[in-house]
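Working notes, structure below.
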Amino acid sequence: MESLARIAALETEIAQLRHAVTARATVDQAMGVVIAYAGVTPETAWEILRDVSQHTNTKLREIAEHIRQWPHCEWLPDEVRHALDAAVPARAASAPATGHVPDR
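Sequential numbering of the sequence shown, starting at 182, is according to our numbering.
Listed below in structure tokens is the structure:
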């Protein structure tokens, strides 16, 4: 019985890790969209995504999914668009101008 419980726990952990990897890939792709859109560093793109998430009271991975799809569907929910339009200049103004995007 103990081994069955252990197997079930490991299967649950594997499912959680798969979900985390998928969510991280979505966030990374959304960061790329923000970098291309705003001309910011990866660190600033992360901060922008976090700001949009906090200001819309929406999970970051959901914001990332909207922004990841934005170049293809050319649409963002109004609330996300307004929060992004506010976050980009606020973060870009406070970010150091490096002239290049550093490696991650």
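Even glycine gets a Cβ: it sits at the ideal position worked out from N, Cα and C.
Quick check on residue i - is its C-beta less than 8 Å from some C-beta in chain C?
i    : result
G213 : As a matter of chain content, chain C is missing from the structure shown, which is built from one protein chain.
What does the alpha-carbon distance come out to for the pair residue i and residue j?
i    : j    : result
A206 : H263 : 24 Å
P223 : M212 : 7 Å
S184 : A196 : 18 Å
V233 : L198 : 25 Å
I244 : V261 : 7 Å
R187 : I216 : 43 Å
Q210 : T225 : 14 Å
Output the boundary residues of the alpha helix (DSSP H) element that contains residue i.
i    : result
P270 : 259-275
Pairing CB atoms from the stretch 223-235 with CB atoms from the stretch 189-198, are three or more of them under 8 Å?
-> no
Determine contact between the stretch 267-275 and the stretch 243-257, defined as no fewer than three beta-carbon pairs at a distance below 8 Å.
-> no
Ignoring anything shorter than 4 residues or poking outside the stretch 192-242, list the alpha helix (DSSP H) runs there in chain order.
-> 223-237
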